[in-house]
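If you read the sequences in order, they're chains A and B.
Read left to right, the first sequence gives residues 109 to 236 (the numbering used here).
Read left to right, the second sequence gives residues 109 to 236 (the numbering used here).
Glycine residues also receive a C-beta, built at the ideal position from the N, C-alpha and C atoms.
Being a predicted model, the structure only gives us computed values, none of them experimental.
Reading through the structure tokens given below for one structure.
There are 2 protein chains.
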Amino acid sequence: MSDDPQQGERITEAELAVMEALWAQAPLGATDVADAVGKARGWSLATVKTLLSRLVAKQAVATEPDGKRFLYTPRIDRSDYLGTESRRLVDRLFGGRAGPLFAHLAETEALSAQDIADIEALLKELKP
Amino acid sequence: MSDDPQQGERITEAELAVMEALWAQAPLGATDVADAVGKARGWSLATVKTLLSRLVAKQAVATEPDGKRFLYTPRIDRSDYLGTESRRLVDRLFGGRAGPLFAHLAETEALSAQDIADIEALLKELKP
DNA sequence: CGTAATCGATTACAGGTGTAAACAAGGAGG
DNA sequence: CCTCCTTGTTTACACCTGTAATCGATTACG
């Protein structure tokens with residue numbers, strides 16, 4: 109065990125925007141990421157480069173040399189990330205159980221008809 | 109508009125532990141909170157006092173004098189907090205829709221039989 | 001070949017967070 | 001009445017985050 113995509117290091121909000129860009133398309137050079145992300149968030153190229161460095165340090169992103177520059181690729185799966193974060197929320201706020209989370213969303217009318225339909229379909233699948 | 113329980117100020121992880129103690133029982137003095145929370149997290153009384161001050165500054169907690177000390181009471185509702193945080197996660201990671209969140213929890217087998225039963229019951233209620 | 005553009009790395013810096021000690025004022029006990 | 005304890009307030013300090021400028025090397029262009 110040495111350089112596995114360790115998930116000990118937390119990804120921050122700003123870093124997440126960079127990850128999203130890389131999840132959408134990879135590998136990318138720093139300038140490409142800045143074009144995709146910096147444009148929407150008003151970040152300078154320097155800022156994006158810092159975020160990329162931090163993500164590399166956290167082993168959330170891998171680098172691959174391409175001539176004089178680097179190409180960046182996500183090292184952790186978006187799906188895994190979603191899982192970790194969802195679980196963190198459910199654990200922190202709902203005693204680790206998803207039922208109460210759902211109940212809460214339902215109570216506060218945060219569920220759209222679409223959401224309800226989705227969930228119904230899923231339940232049907234889970235109960236064959 | 110002056111001293112409403114403003115929800116602009118974010119409550120941090122450490123502060124949340126203090127809020128949980130107050131949500132479980134309030135009002136409480138600082139020492140009581142430290143007994144309840146500091147014990148489990150290994151915090152000194154000083155640390156708990158700092159967190160309480162910050163929560164008061166953020167208007168998440170109200171104070172009421174009781175002799176020479178203060179009694180602390182939550183100023184924001186736990187249910188409101190859960191709502192804000194759940195929504196934040198759903199917005200940040202699932203495009204604002206709860207359906208995909210449940211799909212994800214289901215896929216990763218993060219739903220217990222209990223959760224599924226809960227959700228089924230709730231769905232039945234939502235669809236009269 | 002020399003100079004400008006580019007790229008990663010290093011450094012910066014203010015504000016938030018976790019964790020706590022020091023301090024000041026008022027009350028409690030002897 | 002004087003000393004100690006309790007309690008809130010102030011200050012501390014290191015690390016994390018957001019945001020970026022600067023630097024040194026390398027490449028590309030003229």
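Item	Value
Candidates A:Ala211, A:Val198 and A:Thr120: closest to B:Ile227 by CA position	A:Ala211
Under the three-state DSSP convention, the category B:Leu179 falls into	strand
Neighbour flag for A:Arg205 against chain B, beta carbons, 8 Å	yes
Of the listed residues A:Leu209, A:Phe178 and A:Ala170, nearest to A:Met127 (C-alpha basis)	A:Ala170
N- and C-terminal bounds of the alpha helix (DSSP H) containing A:Ala221	Ala221 to Leu234
Cβ-Cβ separation, B:Lys166 to B:Ile119 (assumed contact under 8 Å), whole Å	7 Å
Buried or exposed by the 16-neighbour rule on C-beta atoms within 10 Å, applied to A:Glu172	exposed
Bridge partner(s) assigned by DSSP for B:Glu172	B:Leu179
Chain A contact for B:Thr216 (CB, 8 Å cutoff)	yes
Residue environment, B:Leu49, which counts as buried when at least 16 other CB atoms sit within 10 Å	Outside the shown range of chain B, which is 109 to 236, sits residue 49 of chain B, and nothing can be said about it.
7 Å Cβ shell around A:Val145 - same chain, five flanking residues per side excluded	Ala125, Val126, Ala129, Trp151 and Val156
Whole-Å CB distance - A:Leu197 paired with B:Leu197, under 8 Å assumed	5 Å
Whole-Å CB distance - B:Glu217 paired with B:Ala168, under 8 Å assumed	Incorrect: roughly 35 Å between the Cβ atoms, too far for contact.
For B:Ser194 and A:Leu209, the rounded distance between their alpha carbons	8 Å
Chain A contact for B:Arg195 (CB, 8 Å cutoff)	yes
Chain-order list of residues whose beta-carbon lies under 6 Å from that of A:Leu213 (same chain, five-residue window excluded)	Leu219
Rounded C-alpha distance that separates A:Arg149 from B:Gln222	41 Å
Contact list for B:Phe178 against chain A, beta-carbon separation under 7 Å	Going along chain A, no residue has its Cβ under 7 Å from B:Phe178, so there is no contact; the nearest lies around 27 Å.
Per DSSP, cross-strand counterpart(s) of A:Leu213	Bridge partners of A:Leu213: none, in fact.
Sequence-distant residues of its chain with Cβ nearer than 6 Å to A:Thr181 (five each side left out)	Ala134, Pro135 and Ala170
Span of the alpha helix (DSSP H), counted from its first residue to its last, around B:Glu128	Glu121 to Ala132
Counted within 10 angstroms of its Cβ, other Cβ atoms place A:Ala225 as buried (16 or more) or exposed	exposed
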